[in-house]
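Asks:
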Ligand SMILES: [Zn+2]
Ligand SMILES: [Zn+2]
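In my numbering, the protein residues as written are 1190 to 1563.
1) Check whether the stretch 1431 to 1450 touches the stretch 1364 to 1374, taking contact to mean three or more Cβ pairs, one atom from each stretch, closer than 8 angstroms.
2) So is residue 1236 buried or exposed if we call it buried at 16+ other beta carbons inside 10 Å?
3) What do you reckon, are the CB atoms on residue 1265 and residue 1329 nearer than 7 angstroms?
4) What are the residues that DSSP puts in a beta bridge with residue 1561?
5) Suppose only complete runs of 3+ residues qualify. What are the beta strand (DSSP E) ranges in the stretch 1294 to 1327, listed by chain order?
6) Specify the secondary structure class of residue 1286 as computed by DSSP and reduced to three states.
7) In the structure shown, what three-state DSSP assignment does residue 1553 receive?
8) According to DSSP, is residue 1438 helix, strand or coil?
9) Under DSSP, the alpha helix (DSSP H) around residue 1400 begins and ends at which residues?
10) Can you tell me whether residue 1431 is buried or exposed, with buried defined as 16 or more other CB within 10 angstroms of its CB?
11) Measuring CB atoms only, is the stretch 1395 to 1411 touching the stretch 1327 to 1345, in the sense that at least three cross pairs come out at less than 8 angstroms?
12) How many angstroms separate the CA atom of residue 1313 from the CA atom of residue 1351?
13) By the 10 Å Cβ neighbour count, where 16 or more other Cβ atoms means buried, how is residue 1467 classified, buried or exposed?
14) So is residue 1419 buried or exposed if we call it buried at 16+ other beta carbons inside 10 Å?
15) Cα separation between residue 1561 and residue 1203?
16) Any residue with its Cβ nearer than 7 angstroms to a heavy atom of ligand 2 should be included. What is that list in chain order?
17) How would you label residue 1446, buried or exposed, when you count the other beta carbons within 10 angstroms and need 16 or more for buried?
18) Within 8 angstroms, do at least three Cβ pairs link the stretch 1255 to 1269 to the stretch 1230 to 1247?
19) Check whether the Cβ of residue 1230 sits closer than 6 angstroms to any heavy atom of ligand 1, and report yes or no.
20) When every heavy atom of ligand 1 is checked, does at least one fall within less than 6 angstroms of the C-beta of residue 1444?
21) If you run the structure through DSSP and keep just helix, strand and coil, what is residue 1455?
22) Does residue 1306 pass the burial test, meaning 16 or more other C-beta atoms within 10 Å, or should it be called exposed?
23) Is the number of C-beta pairs between the stretch 1368 to 1377 and the stretch 1395 to 1404 that are closer than 8 angstroms three or more?
24) Alpha carbon to alpha carbon, how far is residue 1207 from residue 1250?
25) Taking the continuous alpha helix (DSSP H) assigned at residue 1361, which residues delimit it?
26) Helix, strand or coil, according to DSSP, for residue 1202 in the structure here?
27) Rounding to the nearest angstrom, what Cα-Cα distance links residue 1424 and residue 1461 in this structure?
28) Please list, in chain order, all residues of the same chain as residue 1379 whose beta carbon is under 7 angstroms from its beta carbon, the five residues on each side excluded.
29) Looking only at its own chain, which residues have a Cβ that is under 6 angstroms from the Cβ of residue 1362, when we skip the five neighbours before and after it?
30) Would you grab the beta carbon distance between residue 1325 and residue 1274 for me? Rounded to a whole angstrom, and I think it's under 8 angstroms.
31) Below 7 angstroms CB to CB, which residues in the same chain sit around residue 1414 once its five sequence neighbours on both sides are set aside?
32) Pick helix, strand or coil for residue 1215, following the three-state DSSP scheme.
33) Which of the three DSSP states is assigned to residue 1266 in this structure?
34) If you drop the 5 nearest sequence neighbours on each side, which residues of the same chain put their C-beta closer than 6 angstroms to that of residue 1220?
35) Tell me whether residue 1257 is buried or exposed, calling it buried when 16 or more other Cβ atoms sit within 10 Å of its Cβ.
36) Would residue 1557 and residue 1316 be called neighbours here (beta carbons separated by less than 7 angstroms)?
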């Protein structure tokens, strides 16, 4: 199956060995993150072969010696339904101590690591995932659909963090909030910000996505290609969302488009906040006035106006709950508490053999992983 045009291959993984604190989870559902698509498309560098997928929900089927603990300190039990963080931070390095566990100096990430002996089941696109000791794990209720829970590790967590970054500067309650992009992140933001009391306007070029944004709570939508003062333009949408003369106090850039960054910069009110989430690809996403600030912002930063046209960086994204946090769905609350969790664990030595063959067998009783090798 592997080879040109067929970069995905199912491999069996016999003899999974769990270390103390590890857990083996049978995957119930995994969702595809945009970064998985970027990797397969060759737009992101990845060491192959690897098992992609870092948004998933599943059930614990085996535990390493001593068992595993969830972020709230309870012992994870067999059969429990769980989600877990995309990142395995060490909890000890300088960055972890600075509150940036997602940028840990010895970070390992599910769905991002080259397949290696001892951690073959490292991604969600498999029948089972091997959860390493130190991974923030959250037990989740049975009555939440898997389609809601699976994205908690990445998409939902990202939006929750963006709203936290904004709400640390200005309140979501009653805010006119402008979102650029109505993909997974934009739709999640529309729903979560609406639930937190904001009136959400979404700018999105795709008509079907604009319709979906309205279904997810947006009070108005605009087409960034339409003239500003036309019925589908941004000015008209902001009037529909907030009344004549209203300017958004919060803007979330979730599209990655350079033009959207400029539009949001121009639109946000004095004292408002702009959170850049989409500016992560190598594209020249940031206007030159912001580009020097964006270097090293990981993964995004919030900016606020001091007066029209001048900006100062107020807070780098830290994944720590701000002084006021938005009301978010239960699944997102779970991911947020997971993010704030930092457990100590020794960094594991990287053991990447020069050559490593995996069994050809697709015996159904063995854990199977879909390996991306192109
Ligand atoms: Zn992701
Ligand atoms: Zn660390």
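A virtual CB, placed ideally from N, CA and C, is assigned to each residue, including glycine.
Replies: Considering the structure as presented:
1) yes
2) Looking up residue 1236 in the chain shown gives position 47. By the neighbour-count rule (16 or more Cβ atoms within 10 Å), residue 1236 is not buried but exposed.
3) The residue you call residue 1265 lines up with position 76 of the chain shown. The residue you call residue 1329 lines up with position 140 of the chain shown. No, the pair does not count as a contact, with Cβ atoms beyond the cut-off.
4) The count along the chain shown starts at 1 and reaches residue 1561 at position 372. In DSSP, residue 1561 forms a bridge with 1197, 1239.
5) 1317 to 1320
6) Here residue 1286 is taken as the residue at index 97 of the chain shown, counted from 1. Note: residue 1286 maps to helix in three-state DSSP.
7) For the purposes of this step, residue 1553 is taken as the residue at position 364 of the chain shown. Its pLDDT being 38, under 50, residue 1553 is placed unreliably in this model, and the value from its coordinates should be taken loosely. Coil at residue 1553, not helix or strand.
8) Looking up residue 1438 in the chain shown gives position 249. The answer is coil: DSSP assigns residue 1438 none of H, G, I, E or B.
9) What you label residue 1400 is simply residue 211 of the chain shown in a count that begins at 1. Residues 1396 to 1404.
10) The residue you call residue 1431 lines up with position 242 of the chain shown. That one is buried.
11) no
12) In the chain shown, residue 1313 corresponds to position 124, counting from 1. In the chain shown, residue 1351 corresponds to position 162, counting from 1. Using only the alpha carbons, I get a separation of about 24 angstroms.
13) In the chain shown, residue 1467 corresponds to position 278, counting from 1. When all chains shown are included, residue 1467 counts as buried.
14) Translated into the one-based positions of the chain shown, residue 1419 becomes position 230. Residue 1419 comes out exposed.
15) Here residue 1561 is taken as the residue at index 372 of the chain shown, counted from 1. Here residue 1203 is taken as the residue at index 14 of the chain shown, counted from 1. Residue 1561 and residue 1203: Cα-Cα distance of roughly 18 angstroms.
16) 1278, 1279, 1280, 1281, 1282, 1284, 1285, 1290, 1293, 1294, 1295, 1296
17) Along the chain shown, read from residue 1 onward, the residue named residue 1446 stands at position 257. Buried, by the Cβ-count rule.
18) no
19) For this step, residue 1230 is matched to residue 41 along the chain shown. Result no, Cβ not under 6 angstroms from ligand 1.
20) Numbered from its first residue, the chain shown carries residue 1444 at position 255. Answer for residue 1444: no, Cβ out of range of ligand 1.
21) On the chain shown, residue 1455 is found 266 positions in, with the first residue counted as 1. Residue 1455 falls in the helix class under three-state DSSP.
22) The residue given as residue 1306 occupies position 117 in the chain shown. Exposed, since its Cβ has fewer than 16 Cβ neighbours within 10 Å.
23) yes
24) Numbered from its first residue, the chain shown carries residue 1207 at position 18. Numbered from its first residue, the chain shown carries residue 1250 at position 61. Answer to the nearest angstrom: the Cα atoms are 12 angstroms apart.
25) For the purposes of this step, residue 1361 is taken as the residue at position 172 of the chain shown. It is not in any alpha helix (DSSP H) - residue 1361 carries neither H nor E in the DSSP assignment.
26) Here residue 1202 is taken as the residue at index 13 of the chain shown, counted from 1. It is coil, neither helix nor strand.
27) Position 235 of the chain shown, counted from the first residue, corresponds to residue 1424. Position 272 of the chain shown, counted from the first residue, corresponds to residue 1461. Between residue 1424 and residue 1461, the C-alpha separation is close to 17 angstroms.
28) Taking the first residue of the chain shown as position 1, residue 1379 is located at position 190. Taken in chain order, the residues that qualify are 1368, 1389, 1391, 1402, 1405, 1406, 1407.
29) Walking along the chain shown from the start, residue 1362 turns up at place 173. The answer, listed in chain order, is 1386.
30) Counting from one through the chain shown, the residue named residue 1325 turns up at place 136. Counting from one through the chain shown, the residue named residue 1274 turns up at place 85. About 4 angstroms; that satisfies the 8 angstroms criterion.
31) The residue you call residue 1414 lines up with position 225 of the chain shown. The answer, listed in chain order, is 1394.
32) Position 26 of the chain shown, counted from the first residue, corresponds to residue 1215. Residue 1215 falls in the strand class under three-state DSSP.
33) Your numbering for residue 1266 matches position 77 in the chain shown. The answer is coil: DSSP assigns residue 1266 none of H, G, I, E or B.
34) Reading the chain shown from its first residue, position 31 is the one you call residue 1220. Closer than 6 angstroms at the Cβ level, and outside the excluded window around residue 1220, lie 1244, 1339, 1340.
35) Taking the first residue of the chain shown as position 1, residue 1257 is located at position 68. Per the 10 Å Cβ criterion, buried.
36) On the chain shown, residue 1557 is found 368 positions in, with the first residue counted as 1. On the chain shown, residue 1316 is found 127 positions in, with the first residue counted as 1. A contact, by the Cβ cut-off of 7 angstroms.
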